[in-house]
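To convert, count from 1 in the sequence shown and add 4; that's this note's numbering. Right, one structure below, let's go through it.
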Amino acid sequence: MFVNYSQYLVCCFFALVFLTVSNTAFSRGCASPANVGCSVAECEALQATMKVTCGKVSSCEKISTGCSDLQAMKGKWLACYTERNIINNRCYAGGDLGHQMAAASAIEHVGKCEKMIALPEPIGCADPCP
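Structure (structure tokens):
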């Protein structure tokens, strides 16, 4: 059976072009026309807060020092996720692809931290002898 994939390729091509064109604001930051919900000053303040919040996070999978460090890192990733959503929803009406992708990555890291936390001590936080 022959399947004609050309229609799918055309669809994907136009989707890629649309995302590229619609997300040119990503490179222009707060001065972008895509910033529809807040002033440039407010956007820059939110962006600075987000950079501080998200700047010192690393993977929970790299933590080998136990429960409290895992819980702290999970909290940092959750705070990063929250800050990304605040700026995206407040300034870009939820439509900034860069913030959407970064928020998705942050919440994925929260899940990885929860997975590590569920492991028994000394690696995670669970009682090794339930």
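Here a beta-carbon is modelled for each residue, glycine too, at the ideal position from N, C-alpha and C. The structure displayed is predicted, hence computed values, not measured ones.
- Between Cys133 and Ile127, what straight-line distance do the alpha-carbon atoms span, to the nearest angstrom? 14 angstroms
- Task: Quick one: grab the DSSP three-state call for Ala45.
- Result: helix
- Query: Can you tell me whether Ser26 is buried or exposed, with buried defined as 16 or more other CB within 10 angstroms of its CB?
  - Reply: Residue placement at Ser26 is flagged as unreliable, the pLDDT there being 44, under the threshold of 50; the coordinate-derived value follows with that caveat. Exposed, by the Cβ-count rule.
- Which of helix, strand or coil does DSSP assign to Ala130? strand
- Task: For Ile90, I'd like the list of residues in its chain whose CB is within less than 8 angstroms of its CB, leaving aside the five on either flank, ordered along the chain.
- Result: Leu50, Met54
- Message: Could you give the first and the last residue of the continuous alpha helix (DSSP H) run that contains Glu65?
- Response: Looking at the DSSP string, Glu65 is not in any alpha helix (DSSP H), and its letter there is neither H nor E.
- Pair within 8 angstroms by beta-carbon distance, Tyr85 and Ala107: yes
- Environment of Val114 [buried if 16+ CB atoms lie within 10 Å]: buried
- Task: Flag Leu82 as yes if its beta-carbon sits less than 8 angstroms from any beta-carbon of chain D, otherwise no.
- Result: Absent from the structure: chain D. Only one protein chain is present.
- Task: Give me the Cβ distance between Lys60 and Lys80, rounded to the nearest whole Å; I'm assuming they're in contact under 8 angstroms.
- Result: 7 angstroms
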